[in-house]
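Down below is the structure, laid out as structure tokens.
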Amino acid sequence: MILLILIFHLLIFKSELASGVIHSWTGLYTATTGIKDLPEFIGVNLFDDEVTGYFDSKNNQFEIRQDWVKELGEEYVEDQTKSFRDFTWKFKENLKMIMIEFNHTGDQGVHTLQQMYGCQWDDEYGATDGYSQFGYNGEDFIKLDLKNTDWVAETSQAKIIKQKWNGGEAYYWKNYLERDCVEWIKKYMMYGKISLERKVPPQVSLLQTDPSSPVVCHATGFYTDKVMISWQKDGQDLYEDVDVGETLPNHDGTFQKRAELKVPPDERKKNKFTCVVEHKSGDPIHMILTKEKIRTNSAGNNVLFIIAGLVVAALVLITVVVGVVMVVKRRSGYKKTSQSDAGSNNSGAALVT
């Protein structure tokens, strides 16, 4: 559900500037306590909703997740690593400070602090948007009113933080979101244009762990998250007994998606079932369900590893956005900013003081 809310948020955010082609940059940062074996801090950067970079406090090293980002050079990676290391400490200190305000310092439970911020740029009209907001334990905590350069407290406990952050912190964010963030979008567009416009058809497979389990239509290796997967029964679209999963990222910057067909084996024998994969790189892919086309464990294939990959990809995203229920509430009071001027080339990592 959390992942659905995040995707819903990203789609809504894109619709704010409905004119030319809209490009976006998003940062999702999470600090946690009380979860064994989970990094205390995780940060993910996205450009046009594709993961471009990842950092966590265990590895303590910024990782590029799109090949074209490597063209920014080693200096970019070093700057990002340094920024994230500094940011990790500040973010964890903020979590401790907020826990004090909520009187949560004595318990051993799970607590999370999250920041979601980003900007958009309309490449035809030059209009921009930007926002920055924080959530504590899955609830809205404080957000930036960009127009008035002021932090808005969402809870009584956030009023103390608002007093500390108003002034220099608010003006820092206004400058970053309206200038530097937009300049980074333009830079990413310059380096990633060829990659972002790639049209590579997905690889489609039919997977099954055993003869009685659902048949999974699995598409992977495509470079846009806008791929539709459906099942047909005797040429007609089938909605019942079908479970379509979310689009998930692969480690190499491509995406994957799956749709489960949950019908009994005898019904699969009596009727013609077809998996249909629609993508922007060409004509729809139709794969008719036959025994010969199904990859199963009994045939010596690594189906379990493929399905496990789906689960791992989902868990990575859910870990990053755990508790991001706040994004739906963000829609109220969110205003469009004015057109931005060119800014400096600061690193993509944000600062919290």
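Residues -18 to -1, 1 to 335 (mature numbering (1 follows the signal peptide of the UniProt record, and there is no 0)) are what the sequence shown spells out, left to right. Heads up, the beta-carbon is just placed ideally off N, CA and C, and yes, glycines get one too.
Secondary structure of residue i, DSSP reduced to three states
i, result
"Y99", "strand"
"E75", "helix"
"E22", "coil"
"Q145", "helix"
"G117", "strand"
"D111", "strand"
"N125", "According to the sequence provided, residue 125 is Lys. The question's Asn does not apply to it. In the structure shown, K125 sits in a strand (DSSP, three-state: E or B)."
"D132", "strand"
"E106", "coil"
Integer-rounded CB distance, given that residue j should sit under 8 Å from residue i
i, j, result
"V224", "A241", "6 Å"
"E53", "Y158", "Between Y158 and E53 the Cβ distance is about 23 Å, and since that is not below 8 Å, they are no contact."
"D132", "N148", "6 Å"
"P246", "P193", "No, P246 and P193 are not in contact; Cβ-Cβ is about 11 Å, not under 8 Å."
"L128", "G112", "6 Å"
"I211", "V164", "Not really, about 35 Å apart at Cβ, beyond 8 Å."
"Q97", "Y11", "5 Å"
"G16", "V92", "4 Å"
"I124", "K144", "6 Å"
Span separating the alpha-carbon of residue i from that of residue j
i, j, result
"P183", "P266", "9 Å"
"Q190", "K244", "11 Å"
"I276", "M269", "10 Å"
"K40", "E57", "22 Å"
"V51", "K175", "11 Å"
"V309", "S177", "For V309, the predicted structure reports a pLDDT of 36, less than 50, and the residue's modelled location is therefore unreliable. A value from the coordinates is still provided. So the alpha carbons of these two residues sit roughly 29 Å apart."
"L188", "R180", "25 Å"
"F29", "G35", "9 Å"
"N76", "T8", "20 Å"
"P21", "L230", "21 Å"
"T170", "V59", "The question names Thr, yet the displayed sequence has Tyr at residue 170. C-alpha separation (whole angstroms): 14 Å."
"P196", "Q238", "18 Å"
"D38", "T87", "23 Å"
"K18", "K215", "46 Å"
"I80", "Q139", "8 Å"
"N253", "C199", "17 Å"
"Q43", "D31", "22 Å"
"V209", "C257", "13 Å"
"G120", "R250", "43 Å"
"E228", "K64", "33 Å"
"T301", "E222", "For T301, the predicted structure reports a pLDDT of 45, less than 50, and the residue's modelled location is therefore unreliable. The matter cannot be settled from this model."
"L220", "G203", "25 Å"
"Q62", "Q48", "15 Å"
"N232", "C101", "24 Å"
"Y99", "F255", "43 Å"
"H261", "T70", "39 Å"
"W166", "G55", "15 Å"
"Q218", "Y205", "28 Å"
"L271", "E45", "39 Å"
"residue 336", "V186", "Lying outside -18 to 335, the shown extent of the chain, residue 336 is not represented and no answer is given."
"E160", "G150", "15 Å"
"K273", "S263", "28 Å"
"E136", "V33", "29 Å"
"I82", "I142", "11 Å"
Within 8 Å, strictly: CB atoms of residue i and residue j
i, j, result
"F73", "F23", "yes"
"L126", "A109", "no"
"W103", "H5", "yes"
"D105", "V3", "yes"
"V66", "G25", "As written in the sequence, residue 66 is Phe, which differs from the Val given in the question. Taking 8 Å as the Cβ cut-off, F66 and G25 qualify as a contacting pair."
What alpha helix (DSSP H) runs, 4 residues minimum, are completely inside the region 7 to 72?
If one requires a minimum length of 4 residues, no alpha helix (DSSP H) run lies completely within the region 7 to 72.
Suppose only complete runs of 4+ residues qualify. What are the alpha helix (DSSP H) ranges in the region 163 to 246, listed by chain order?
Fully enclosed alpha helix (DSSP H) runs of 4 or longer: 163 to 178.
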